[in-house]
Amino acid sequence: MLAAARGHQNRRATATFPGGQHAQPLSDRTTALTSAPITNPNGEHIMPDTAQPTDNELAIDNHRGELICAISGAINALTRASGSLAALMSNRLYDIEFTEGTTGADLAAFLDDSLRFARAAYLLTQEVIDGR
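At position 88 of the sequence shown the residue is numbered 88 (UniProt numbering), and the sequence of numbers has no breaks.
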């Protein structure tokens, strides 16, 4: 049983595609993220001339997607926070801690500014992603 367990530990993860074709073992793959950048004799960074996206390009696309989703989530959260603050400051609830004095007004201004900045960040990121 110990030998069977050892044999199992030595197996490398592979993917099997339809038709029984096997992909290269995952542990044998190298990525552009861990290797040195490609440079020309002048020391300028150059991109390899390939039709297939490199691991670096895939990582960039992945992080761009994560960035736009995170900014979108922040906009949604700030919008909900603004709505909650408006409800607390309304005549219906009238939370005295936020309504009287400057706390509620200051917080509303901070949320408005944050929303404006987050929307600008979203638009800038979207322009980069769309290639404008």
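Here a beta-carbon is modelled for each residue, glycine too, at the ideal position from N, C-alpha and C.
Work out the CA separation of residue j and residue i for me, nearest whole Å.
{"i": "Ala77", "j": "Gly83", "result": "10 Å"}
{"i": "Leu123", "j": "Ala74", "result": "13 Å"}
{"i": "Ala105", "j": "Thr99", "result": "8 Å"}
{"i": "Gly43", "j": "Thr54", "result": "20 Å"}
{"i": "Glu66", "j": "Asp130", "result": "15 Å"}
{"i": "Asp113", "j": "Ile46", "result": "40 Å"}
{"i": "Ala87", "j": "Ala118", "result": "22 Å"}
{"i": "residue 141", "j": "Thr125", "result": "Any property of residue 141 remains undetermined from this structure, which presents the chain solely from 1 to 132."}
{"i": "Leu93", "j": "Thr79", "result": "19 Å"}
{"i": "Asn40", "j": "Thr102", "result": "60 Å"}
{"i": "His63", "j": "Asn91", "result": "44 Å"}
{"i": "Asp61", "j": "Gln52", "result": "14 Å"}
{"i": "Ala23", "j": "Ala121", "result": "Unreliable positioning characterises Ala23 in this predicted model, as indicated by a pLDDT of 45, which lies under 50. The coordinate reading is nonetheless provided below. Taking the straight line joining both Cα atoms gives about 39 Å."}
{"i": "Asp95", "j": "Leu85", "result": "9 Å"}
Among the candidates the options, whose CA atom is the shortest distance from the CA of residue i?
{"i": "Pro56", "options": "Ile68, Arg116, Ala70 and Ile38", "result": "One detail in the question is off: residue 56 reads as Asn in this sequence, not Pro. Out of Ile68, Arg116, Ala70 and Ile38, Ile38 has the C-alpha closest to the C-alpha of Asn56."}
{"i": "Met89", "options": "Ala108, Glu44 and Asn62", "result": "Ala108"}
{"i": "Glu127", "options": "Ile60, Pro41, Ile68 and Glu44", "result": "Ile68"}
{"i": "residue 152", "options": "Ala86, His45 and Ile71", "result": "Because the chain in this structure spans residues 1 to 132, residue 152 falls outside the shown range and cannot be described."}
I'd like to know whether the C-beta of residue i is nearer than 7 Å to at least one C-beta of chain D.
{"i": "Ala105", "result": "The structure shown contains no chain D; it holds only a single protein chain."}
My guess is that residue i and residue j are in contact by the Cβ rule of under 8 Å, so how many angstroms apart are they, rounded?
{"i": "Leu111", "j": "Ala81", "result": "6 Å"}
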